[in-house]
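One structure below.
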Amino acid sequence: GELIAFGSRGEMPWGTGWRLLAWFGVAGVMNFSRLAMIGLAGERFVARLRTRLFKAIAKQPTEFFDSSENRTGALTQRLTMDTNVVGSVLTEGVSNGAKNIAQMLGSLAVMMYFSPTLTACIVVTLPPVAIAA
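In terms of this note's numbering, the sequence shown opens at residue 1370 and continues consecutively.
See the structure below:
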């Protein structure tokens, strides 16, 4: 509340401002680390998936490549595009899911700190409302 009410007192709460800036800096570093680690894991996953699929395609008999739907160019394109799509869906889904769960738990903790009664009311009424929507 100090930053919001500083205008009425005519003074700037520099200590609170610097603490807030430090928290934003920490949050930025943590978000960058999360994205970098998830990105690296996703690239490694896609590389392993692409290698396994290529080995599976290479083991096919010659007749497999003679059909019109299994031409080499089409298989190469599908190999590249499909593995990229699967990798991006998995990495973005895992990353966003973990971030959303952490935000939800953090929000619940802050809500419990300020008003346990109101938080309990919200936790009890939110699931039925979400299901009914």
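Even for Gly, the Cβ is constructed at its ideal location relative to N, Cα and C.
Cβ-Cβ separation, residue j to residue i (assumed contact under 8 Å), whole Å
| i | j | result |
| --- | --- | --- |
| F1423 | L1459 | The pair is not a contact, with the Cβ atoms about 19 Å apart (cut-off 8 Å). |
| R1419 | T1441 | Between T1441 and R1419 the Cβ distance is about 16 Å, and since that is not below 8 Å, they are no contact. |
Sequence-distant residues of its chain with Cβ nearer than 8 Å to residue i (five each side left out)
| i | result |
| --- | --- |
| L1477 | T1488 and V1492 |
| M1480 | L1487, T1488 and I1491 |
Continuous alpha helix (DSSP H) stretch holding residue i: start and end
| i | result |
| --- | --- |
| N1400 | W1383 to A1427 |
| S1457 | T1441 to F1483 |
| E1438 | Here E1438 belongs to no alpha helix (DSSP H), and DSSP marks it neither H nor E. |
DSSP state of residue i mapped onto helix, strand, coil
| i | result |
| --- | --- |
| P1496 | helix |
| A1501 | helix |
Pair within 7 Å by beta-carbon distance, residue i and residue j
| i | j | result |
| --- | --- | --- |
| G1456 | V1415 | yes |
| S1464 | I1500 | no |
Neighbourhood of residue i by C-beta distance below 6 Å, restricted to the same chain and skipping five residues each side
| i | result |
| --- | --- |
| A1425 | none |
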